[in-house]
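Chains as they are written, first to last, in our numbering: chain A, 1 to 220; chain B, 221 to 440. The C-beta atom is built at its ideal place from N, Cα and C for all residues, glycine as well.
There are 2 protein chains.
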Amino acid sequence: MNAPTTIGTTEKVADAIRSGIRTGQFVPGQHLVEAELTLRLGISRSSLREALRHLSGDGIVAIHRYRGAHINRLSRREVRDLLEVLEQLVRLAARLGAASGHANRGLMDAALEAARRHGEDGDHRSYIAARQAFYDCLFEVAGNQELPRVTPLRRADLFRAQIRPYQTRAQQDSHTDGYRLIAQTVNAGNVEEAEAAVAALFAQTRAMVDTLPDEAFDVG
Amino acid sequence: MNAPTTIGTTEKVADAIRSGIRTGQFVPGQHLVEAELTLRLGISRSSLREALRHLSGDGIVAIHRYRGAHINRLSRREVRDLLEVLEQLVRLAARLGAASGHANRGLMDAALEAARRHGEDGDHRSYIAARQAFYDCLFEVAGNQELPRVTPLRRADLFRAQIRPYQTRAQQDSHTDGYRLIAQTVNAGNVEEAEAAVAALFAQTRAMVDTLPDEAFDVG
DNA sequence: GTCGTCAATATCGTCCGACGATTTCATCTG
DNA sequence: CAGATGAAATCGTCGGACGATATTGACGAC
Chain A
1 MNAPTTIGTT EKVADAIRSG IRTGQFVPGQ HLVEAELTLR LGISRSSLRE ALRHLSGDGI
61 VAIHRYRGAH INRLSRREVR DLLEVLEQLV RLAARLGAAS GHANRGLMDA ALEAARRHGE
121 DGDHRSYIAA RQAFYDCLFE VAGNQELPRV TPLRRADLFR AQIRPYQTRA QQDSHTDGYR
181 LIAQTVNAGN VEEAEAAVAA LFAQTRAMVD TLPDEAFDVG
Chain B
221 MNAPTTIGTT EKVADAIRSG IRTGQFVPGQ HLVEAELTLR LGISRSSLRE ALRHLSGDGI
281 VAIHRYRGAH INRLSRREVR DLLEVLEQLV RLAARLGAAS GHANRGLMDA ALEAARRHGE
341 DGDHRSYIAA RQAFYDCLFE VAGNQELPRV TPLRRADLFR AQIRPYQTRA QQDSHTDGYR
401 LIAQTVNAGN VEEAEAAVAA LFAQTRAMVD TLPDEAFDVG
């Protein structure tokens, strides 16, 4: 992939912030004060600023000159645009994965794990981790190295964090079912059904977004 | 978009490097020594490193710990993967643009300009600029803010820089014709033909890649 | 009481210098 | 010529400094 040989401070800081978004330690819209973060993370401003610049490229934080960085908060329209792009890329991954003919044991495992994690304790963080593992497997089966690089999954994490308080249990169960169906059809090598499964998952997500109140989104 | 209110040193440096790739000042595979760049660009190491970190996120430069940054040089496989992803996103843009019903004068203008720039003096730099303008217009017509954010056009510039010495005039003429056809079909609101035009353009590019010698690519 | 003006403060952007860590390269040795 | 070795080059991280700008709060006018 694009990962350096060994990880450095910048990557660790970026991971810490990404992880913080999943745990709720950082909330979309939150202002990130450099002095405070350097203290909390025990690093220098240089490293922090490099990490923020990196995250800015992923669309996770926004940097405004002389006003600093803040965790991005997506508007309803940005979420719609994001889902539209995301769907195309995941469809491509599913298509390539199904066409590859190589069934992947981990793919279904990850899908099931996501469902289990969610069902058991409702721990959102481990659910997100399992979801990430699912996509990692999907990209691996697809065999396209560019896909994980451009797919805005991290940005989708922002969306997940924003809508979390409004999501019902049934909605999330239905979502993990979608993962299972994708894993199943991809492993079966059924290209058309795999794409259809992805389309169905995103259609469902879009419908869910439409039901959410305006407070869940940034003013756009 | 995601642009800060005003541009800072980091953005200027990143633009300088991107522009340098287009002009041939920087060549794929080239090692970027911090001390030299800070002198040449008249900036501090902090700003340079932030810019490099930003470019690293776009896949333009790669950073290896204690070995510094270098301009990425794509392998044949990376190019194939890149084109595959790029095609999906451009197809989405063409589809959305055609479906929007809003004909865009600038789109065709940009396509024609690209052809003219190329035909007149063969100045690769202005050709690339016109090509960028074409995609900017396409994204604007598409009306999806996430598209320009994820579409790896900058990375495609790397590819263009690598294959430049091997491209024939006829191939490039044919390519600009492809832009024209896309602009025409999108402006006409013909969704299916617009997508077909994009597919044709990428099929052509893929075929061209297959004819190139191994020396044009990084060892993969 | 509300509004606008203006100074004080907080925060950021950029630069500079420092030092250990690691790679790279030229040299030496067998 | 291969491998060991030491010196040089380069990077990663830190800390401090200072001007630039945004934000805040006090103050007075109406």
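Handout entry: Check whether V411 of chain B and R315 of chain B have beta carbons under 7 Å apart
Key = Mapped onto the second sequence, residue 411 of chain B falls at position 191. Mapped onto the second sequence, residue 315 of chain B falls at position 95. Cβ distance < 7 Å, so V411 of chain B and R315 of chain B count as in contact.
Practice task
Would you check whether the ligand NAD has a heavy atom nearer than 6 Å to the C-beta of A376 of chain B?
Solution key: What this structure holds is no ligand at all, so the ligand NAD is not there to describe.
Practice task
Within its chain, find whatever has a CB closer than 8 Å to the CB of V150 of chain A; leave out the 5 residues flanking it on each side and keep chain order.
Solution key: Indexing the first sequence from 1 puts residue 150 of chain A at position 150. Around V150 of chain A: L89.
Handout entry: Own chain, CB closer than 7 Å to M407 of chain B, minus 5 neighbours either side, in chain order
Key = Start at 1 with the first residue of the second sequence, and residue 407 of chain B comes out as number 187. A small correction: the amino acid at residue 407 of chain B is Asn; Met does not occupy that position in the sequence shown. Excluding residues within five positions, the ones whose Cβ falls inside 7 Å are A323, N324, L327, M328.
Practice task
Identify the continuous beta strand (DSSP E) that holds H290 of chain B and give its terminal residues.
Solution key: Mapped onto the second sequence, residue 290 of chain B falls at position 70. H290 of chain B -> beta strand (DSSP E) spans 288 to 291.
Exercise for the section: List the residues of chain B whose Cβ lies closer than 7 Å to the Cβ of V150 of chain A, in chain order. Expected result: In the first sequence, counting from the first residue as 1, residue 150 of chain A sits at position 150. Neighbours of V150 of chain A on chain B, chain order: V305, V370, P372.
Practice task
Determine which residues share a DSSP beta bridge with V281 of chain B and list them.
Solution key: By 1-based counting over the second sequence, the position of residue 281 of chain B is 61. B:I291, per the DSSP bridge assignment.
Problem - Between the CA atoms of G42 of chain A and E360 of chain B - distance to the nearest angstrom - result: The count along the second sequence starts at 1 and reaches residue 360 of chain B at position 140. The count along the first sequence starts at 1 and reaches residue 42 of chain A at position 42. In a straight line, the C-alpha of E360 of chain B is about 43 Å away from that of G42 of chain A.
Handout entry: For R73 of chain A, the nearest candidate out of A:S174, A:L181, A:Q162 (CA to CA)
Key = As a position in the first sequence, residue 73 of chain A is number 73, starting the count at 1. Cα-wise, what sits closest to R73 of chain A is A:Q162.
Problem - Beta carbon proximity, D81 of chain A to chain B, threshold 7 Å - result: Numbered from 1 along the first sequence, position 81 holds the residue referred to as residue 81 of chain A. At least one chain B Cβ lies under 7 Å of D81 of chain A.
Handout entry: Whether R296 of chain B touches F437 of chain B by CB criterion (7 Å)
Key = For this step, residue 296 of chain B is matched to residue 76 along the second sequence. For this step, residue 437 of chain B is matched to residue 217 along the second sequence. Their beta carbons are under 7 Å apart, which means R296 of chain B touches F437 of chain B by this criterion.
Handout entry: Beta-ladder partner(s) of L252 of chain B, from DSSP
Key = Counting from one through the second sequence, the residue named residue 252 of chain B turns up at place 32. Per DSSP, B:A289.
Practice task
Round the Cβ separation of T243 of chain B and S267 of chain B to the nearest angstrom and send it over; I've been treating them as touching at under 8 Å.
Solution key: Walking along the second sequence from the start, residue 243 of chain B turns up at place 23. Walking along the second sequence from the start, residue 267 of chain B turns up at place 47. Going by Cβ atoms, the distance from T243 of chain B to S267 of chain B rounds to 21 Å, so no, they are not a contact pair.
Practice task
Spell out a yes or no on whether the segment 373 to 388 of chain B and the segment 235 to 250 of chain B are touching, meaning 3 or more CB-CB pairs, one atom from each, closer than 8 Å.
Solution key: yes
Handout entry: Distance CB(L255 of chain B)-CB(L272 of chain B) smaller than 7 Å
Key = Locating residue 255 of chain B in the second sequence gives position 35, counting from the first residue. Locating residue 272 of chain B in the second sequence gives position 52, counting from the first residue. Looking at the sequence shown, residue 255 of chain B is not Leu but Ala. For A255 of chain B and L272 of chain B, no; Cβs fall outside 7 Å.
Practice task
Please confirm if the segment 411 to 429 of chain B is in contact with the segment 385 to 400 of chain B, defined as three or more CB-CB distances below 8 Å between the two stretches.
Solution key: yes
Handout entry: Within chain A, partners of Q391 of chain B - CB distance below 7 Å
Key = Locating residue 391 of chain B in the second sequence gives position 171, counting from the first residue. Ordered by position in chain A, no residue passes the 7 Å Cβ test against Q391 of chain B, which lies about 23 Å from the chain.
Practice task
Return the bridge partner residues of D218 of chain A from the DSSP annotation.
Solution key: Here residue 218 of chain A corresponds to residue number 218 of the first sequence, with the count starting at 1. DSSP output for D218 of chain A lists A:S75 as bridge partner(s).
Problem - Given T38 of chain A as reference, the closest of A:H54, A:A62, A:V13 once Cα atoms are compared - result: Taking the first residue of the first sequence as position 1, residue 38 of chain A is located at position 38. The shortest C-alpha separation from T38 of chain A is found at A:V13.
Problem - Nonlocal neighbours in the same chain, by C-beta distance under 8 Å from D434 of chain B, ignoring five residues either side - result: As a working mapping, residue 434 of chain B is identified with position 214 in the second sequence. Result list for D434 of chain B: R296, in chain order.
Practice task
Would you verify that the beta carbon of D438 of chain B is, or is not, closer than 7 Å to some beta carbon of chain A?
Solution key: Taking the second sequence and counting its residues from 1, the one referred to as residue 438 of chain B is at position 218. It does not: the Cβ of D438 of chain B has no partner Cβ on chain A nearer than 7 Å.
Practice task
Figure out for me which residue from A:Q172, A:R154, A:R206 has the closest Cα to the Cα of G277 of chain B.
Solution key: Here residue 277 of chain B is taken as the residue at index 57 of the second sequence, counted from 1. Comparing Cα positions, the closest option is A:R154.
Practice task
Please check if any C-beta of chain B sits within less than 7 Å of the C-beta of L74 of chain A.
Solution key: Within the first sequence, numbered from 1, the residue matching residue 74 of chain A stands at position 74. Closer than 7 Å: no.
Practice task
Decide if N2 of chain A is buried, meaning its Cβ has at least 16 other Cβ atoms within 10 Å, or exposed.
Solution key: Counted from its first residue, the first sequence places residue 2 of chain A at position 2. Low per-residue confidence applies at N2 of chain A: pLDDT is 40, beneath 50, and the placement is therefore not dependable enough to give any value.
Exercise for the section: Quick one: residues in its chain with C-beta nearer than 7 Å to the C-beta of G59 of chain A, no 5 flanking neighbours on either side, listed in chain order? Expected result: Taking the first residue of the first sequence as 1, we reach residue 59 of chain A at position 59. Taken in chain order, the residues that qualify are N72, P152, R155.
Practice task
Please decide whether S46 of chain A counts as near chain B, where near means a Cβ-Cβ distance under 7 Å.
Solution key: Numbered from its first residue, the first sequence carries residue 46 of chain A at position 46. Chain B contact via Cβ: present.
Practice task
Kindly list, in the order they appear in chain B, the residues whose Cβ is closer than 9 Å to that of L89 of chain A.
Solution key: Stepping through the first sequence from its first residue, residue 89 of chain A is reached at position 89. Chain B residues near L89 of chain A: V305, Q308, L309, V370.
Handout entry: Sub-7 Å separation of L138 of chain A and A93 of chain A beta-carbons
Key = Your numbering for residue 138 of chain A matches position 138 in the first sequence. Your numbering for residue 93 of chain A matches position 93 in the first sequence. Against a cut-off of 7 Å, the Cβ pair of A93 of chain A and L138 of chain A comes out as a contact.
Problem - P4 of chain A at chain B interface by Cβ criterion, 7 Å - result: Position 4 of the first sequence, counted from the first residue, corresponds to residue 4 of chain A. With a pLDDT of only 43 at P4 of chain A, under 50, the local geometry of the prediction cannot be trusted, and the value read off the model is given with reservation. For P4 of chain A, the answer is yes, since a Cβ of chain B falls inside 7 Å of its Cβ.
Problem - Under 7 Å between C-beta atoms of E366 of chain B and L112 of chain A - result: Taking the first residue of the second sequence as position 1, residue 366 of chain B is located at position 146. Taking the first residue of the first sequence as position 1, residue 112 of chain A is located at position 112. It is not a contact, given that the beta carbons lie outside the stated cut-off.
Exercise for the section: Output yes if chain A places a C-beta closer than 7 Å to the C-beta of E254 of chain B; else output no. Expected result: Taking the first residue of the second sequence as 1, we reach residue 254 of chain B at position 34. No, its Cβ sits nowhere closer than 7 Å to a Cβ of chain A.
Practice task
Tell me, please, whether the CB atom of E195 of chain A is closer than 7 Å to any CB atom in chain B?
Solution key: Indexing the first sequence from 1 puts residue 195 of chain A at position 195. False, the Cβ-Cβ gap to chain B never drops below 7 Å.
Exercise for the section: Could you pull out every residue in the same chain whose Cβ sits closer than 7 Å to the Cβ of P224 of chain B, ignoring the five residues on either side in sequence? Expected result: Counting from one through the second sequence, the residue named residue 224 of chain B turns up at place 4. With a pLDDT of 43 at P224 of chain B, under the threshold of 50, the modelled position of that residue is not reliable, and no figure is offered here.
Exercise for the section: Using a Cβ-Cβ cut-off of less than 7 Å, give me the residues of the segment 136 to 149 of chain A that come near chain B, in sequence order. Expected result: N144, Q145, E146, L147, R149
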